[in-house]
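Engineer: Supplied in structure tokens, the structure appears directly below.
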Amino acid sequence: MEAMKMEIRIQALKDGKVSALHVAQGQTVEREQILAEVE
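According to our numbering, the sequence shown is numbered sequentially starting from 48.
Rendered as structure tokens:
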């Protein structure tokens with residue numbers, strides 16, 4: 048994820064594949080918003 052020209056690494060709590068993505072590139076997100084689902 049990128050914010051204010053800084054890259055922020057997000058780690059999943061478990062191994063798996065992304066099954067759903069709930070945001071689009073350039074979209075503004077809110078604090079604690081679910082960005083993706085891992086199965």
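Think of the CB as a built atom: it goes at the ideal place given N, C-alpha and C, for glycine as much as any other residue. This one's a predicted model, so the numbers in the text were calculated from it and none came from an experiment.
Between the Cα of residue 69 and the Cα atoms of 62, 79 and 52, which residue gives the shortest distance?
Structural biologist: Against the sequence shown, residue 69 aligns to sequence position 22. Residue 69 has its Cα closest to that of 79, out of 62, 79 and 52.
Engineer: Excluding the 5 residues flanking residue 66 on each side, which residues of the same chain have their C-beta closer than 6 angstroms to its C-beta?
Structural biologist: The sequence position of residue 66 within the sequence shown is 19, counting from 1. The beta carbon of residue 66 sits closer than 6 angstroms to those of 84 and 86, all from its chain and outside the five residues before and after it, given in chain order.
Engineer: Three-state secondary structure (DSSP) at residue 59?
Structural biologist: Within the sequence shown, residue 59 is the residue found at index 12, counting from 1. Residue 59: coil per DSSP, three-state reduction.
Engineer: DSSP state of residue 65, grouped into three classes?
Structural biologist: In the sequence shown, counting from the first residue as 1, residue 65 sits at position 18. DSSP places residue 65 in strand when its eight states are reduced to three.
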